[in-house]
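Residue numbers (this note's numbering): 199 to 466.
A quick write-up on the structure given underneath.
Here's what the structure looks like:
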């Protein structure tokens, strides 16, 4: 189920039915021209890098016949997003995420930064500066949005790929687990969308903390110092769901998960 995020408001600019209800103004240029052109340019750039062997990264294989999904997001203050992948699995076809920030008055301490966490690496925190674009793989970069103390605006473009969520990137089999060392295992999961299968267990504490955090909002935007929080019953349900997911992974892969947790502790 989708998690409700207090004080966060979104408009899907790719939904034709929704667009008939609102005046999108200049956003029509972004939808009709900027978005599709962005996909074509990123695909061309990626292909050149692959041909010249300048890139060690996996090819994006973008679908240039498909315009990107575009969503406008306004955080009224206090809201945040938990750790997640923009492409959690089938039937999602997202390959590349591009977040563009529209915050001319943002200052340090205002919050709302995006935190990117390459698998078993130090998280990278990026401030939402006006005009800044942040790009990352949709299916293998764990990330979250930190709580915002002020109004925060951005729009996101998700570019589809032609070879996303193939069986080999979704189903973790015994063949995948034939590693000769944990170093080899780490390299494999770092570069593979299959990290999504084990990520919640490896980052169990971080996942849960961010889930609970995004459901507690500060009222000081409205000159009220009280906290608006979910009920104890709702919180317990969320915790149980999270713990059940983690236990399900640990039951099958406990030695691997425990080793990766130790390695995570070293880098963070």
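For every residue, glycine included, the Cβ atom is placed at its ideal position computed from N, Cα and C.
Distance, residue 215 Cα to residue 456 Cα | 47 angstroms
Pair within 8 angstroms by beta-carbon distance, residue 336 and residue 304 = no
Applying the 10 Å Cβ sphere with the 16-neighbour rule, what's the burial state of residue 323? exposed
ask   = Going straight from the alpha carbon of residue 376 to that of residue 460, what length do you get?
value = 20 angstroms
Fill in: Contained beta strand (DSSP E) runs [length at least 3] in the region 338-414, N- to C-terminal order
340-343, 350-358
Exercise. Any idea if residue 301 is buried or exposed, counting beta-carbon neighbours within 10 angstroms, 16 or more meaning buried?
Worked result: buried
Notebook entry, point to check: Is the beta carbon of residue 362 less than 8 angstroms from the beta carbon of residue 285?
Noted result: yes
What three-state label does DSSP hand residue 203 in the structure shown? coil
Review point. Name the DSSP bridge partner or partners of residue 332?
Key: 297
### Query
What whole-angstrom Cβ distance do residue 212 and residue 258 have, given they're in contact under 8 angstroms?
Not really, about 19 angstroms apart at Cβ, beyond 8 angstroms.
*asked:* Considering only the alpha carbon of each residue, which of 297, 312, 330 lies closest to residue 278?
replied: 312
- Just grab the DSSP bridge partners of residue 271 for me. 208, 352
Q) Is the Cβ-Cβ distance between residue 265 and residue 237 less than 8 angstroms? A) yes
field: According to DSSP, residues forming a beta bridge with residue 323
entry: 313
**Message:** Tell me the DSSP secondary structure of residue 175 in three-state form.
**Reply:** With the chain covering 199 to 466 only, the question about residue 175 has no answer from this structure.
Open item on the list: With a threshold of 6 angstroms on Cβ separation, who are the neighbours of residue 325 within its own chain once the five nearest residues in sequence on each side are excluded?
Closed with: 311
Margin query: Let's test the definition: count the other Cβ atoms within 10 Å of the Cβ of residue 329 and tell me whether it reaches 16, buried, or not, exposed.
Written below: exposed
Option in 316, 308, 364, 314 with minimal Cα separation from residue 348: 308
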